[in-house]
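Student: Structure below; questions to follow.
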Amino acid sequence: DQQVKQNSPSLSVQEGRISILNCDYTNSMFDYFLWYKKYPAEGPTFLISISSIKDKNEDGRFTVFLNKSAKHLSLHIVPSQPGDSAVYFCAASERGGADGLTFGKGTHLIIQP
Amino acid sequence: KAGVTQTPRYLIKTRGQQVTLSCSPISGHRSVSWYQQTPGQGLQFLFEYFSETQRNKGNFPGRFSGRQFSNSRSEMNVSTLELGDSALYLCASSLRPGGPVDTQYFGPGTRLTVL
Numbered sequence: 596d597q598q599v600k601q602n603s604p605s606l607s608v609q610e611g612r613i614s615i616l617n618c619d620y621t622n623s624m625f626d627y628f629l630w631y632k633k634y635p636a637e638g639p640t641f642l643i644s645i646s647s648i649k650d651k652n653e654d655g656r657f658t659v660f661l662n663k664s665a666k667h668l669s670l671h672i673v674p675s676q677p678g679d680s681a682v683y684f685c686a687a688s689e690r691g692g693a694d695g696l697t698f699g700k701g702t703h704l705i706i707q708p
Numbered sequence: 622k623a624g625v626t627q628t629p630r631y632l633i634k635t636r637g638q639q640v641t642l643s644c645s646p647i648s649g650h651r652s653v654s655w656y657q658q659t660p661g662q663g664l665q666f667l668f669e670y671f672s673e674t675q676r677n678k679g680n681f682p683g684r685f686s687g688r689q690f691s692n693s694r695s696e697m698n699v700s701t702l703e704l705g706d707s708a709l710y711l712c713a714s715s716l717r718p719g720g721p722v723d724t725q726y727f728g729p730g731t732r733l734t735v736l
């Protein structure tokens, strides 16, 4: 039973446009959500996070939106750059920290020139 | 500051064998978590160690085990390997359990192939 779902295995976006990656979750006990970026042959790197008490968090080109009633979050990247091409993982935690994160299966973002 | 290191980076084993993977956390980090990444299941939590004690365990069979040493280095062991154990095994370290999530850092992983 996937508690964190990323329904789009891949997404192709033109350079300079907005990339929107989506994530749905089923466990209402999750109270902290994160996005990780992963390049081939490297471990995931933390990108941005959001606590369940907020509905938006912004860091430079990256913004995460949380809709608790819909159990949905999204990552917006504006503008998209070639270096953004990577696999993006959505993750969630029940304890507001890094214990035993539950990850989605990832979305492969491809930025086209 | 050196990052999380994992050895070996690549490993090929045959069914029925056992394997031990090693993880050295960032200096000063005392919590180590292990994850399995496969194309079909994504990233799945295996277990977490802190102060040589297993704090949390994911939903994996008993063939998967781990331990942590007094210097915070951690090993995970998989016995009686099955084809489905082929995956990228990732280790992540953080200062302490339940700490700020952006202080958790992942290593590059060990790619295990079971033939």
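Chains as they are written, first to last, in our numbering: chain A, 596 to 708; chain D, 622 to 736. For glycine and all other residues, C-beta sits at the position ideal for the given N, C-alpha and C.
1) Checking 8 Å against the spacing of the C-beta atoms, do residue 698 of chain D and residue 627 of chain D come in under that value?
2) Fully enclosed by the segment 658–702 of chain D, which beta strand (DSSP E) runs are 3 residues long or longer?
3) Using a cut-off of 8 Å between C-beta atoms, extract the partners of residue 611 of chain A located in chain D.
4) Which chain D residues are close to residue 637 of chain A, counting only those with a beta carbon under 7 Å from its beta carbon?
5) With distances taken Cα to Cα, identify the nearest neighbour of residue 624 of chain A among A:612, A:708, A:599 and A:671.
6) Within a Cβ cutoff of 6 Å, which residues of the same chain sit near residue 658 of chain A, ignoring the five residues on either side of it in sequence?
7) Just verifying my parser: in three-state terms, what is the DSSP assignment at residue 709 of chain A?
8) Given residue 568 of chain D, which residues of its chain have a CB within under 8 Å of its CB, disregarding the five upstream and five downstream residues?
9) What residue range does the beta strand (DSSP E) around residue 663 of chain A cover?
10) If you run the structure through DSSP and keep just helix, strand and coil, what is residue 596 of chain A?
11) 8 Å is my cut-off, CB to CB: does residue 648 of chain A come that close to chain D?
12) When the cut-off is 8 Å and only beta carbons count, does residue 693 of chain A lie next to chain D?
13) Is it buried or exposed for residue 695 of chain D, if we count other Cβ within 10 angstroms and need 16 for buried?
14) Rank A:626, A:611, A:681 and A:609 by C-alpha distance to the C-alpha of residue 668 of chain A and give the top, closest one.
15) Where does residue 736 of chain D sit, in a helix, a strand or coil, going by DSSP?
16) Which first and last residues belong to the beta strand (DSSP E) in which residue 688 of chain A is found?
17) With distances taken Cα to Cα, identify the nearest neighbour of residue 735 of chain D among D:635, D:717, D:660 and D:630.
18) Taking the straight line between their C-alpha atoms, what separation do you get for residue 693 of chain D and residue 703 of chain A?
19) Mind checking the segment 670–685 of chain D against chain A and listing, in chain order, the residues whose C-beta falls within less than 8 Å of any C-beta there?
Tutor: Per the coordinate set shown:
1) no
2) Taken in chain order, the unbroken stretches of beta strand (DSSP E) that lie wholly in the segment 658–702 of chain D and span 3 residues or more are 663–671, 674–678, 685–689 and 695–699.
3) Those within 8 Å of residue 611 of chain A in chain D number zero; the least Cβ separation is about 28 Å.
4) 729
5) Closest by alpha carbon: A:599.
6) Within its own chain, the residues whose Cβ lies closer than 6 Å to the Cβ of residue 658 of chain A, once the five positions on either side in sequence are excluded, are 671, listed in chain order.
7) A query on residue 709 of chain A cannot be resolved here, the shown segment of chain A reaching from 596 to 708 and no further.
8) No statement about residue 568 of chain D is possible, as the shown extent of chain D runs from 622 to 736 and does not include it.
9) Under the DSSP assignment, residue 663 of chain A falls outside any beta strand (DSSP E); it carries neither an H nor an E label.
10) coil
11) no
12) With a pLDDT of only 47 at residue 693 of chain A, under 50, the local geometry of the prediction cannot be trusted, and no value is derived from it.
13) buried
14) Selection A:626, A:611, A:681 and A:609 evaluated against residue 668 of chain A yields A:626 as nearest (Cα-Cα).
15) coil
16) 681–688
17) D:635
18) 33 Å
19) 676, 677 and 679
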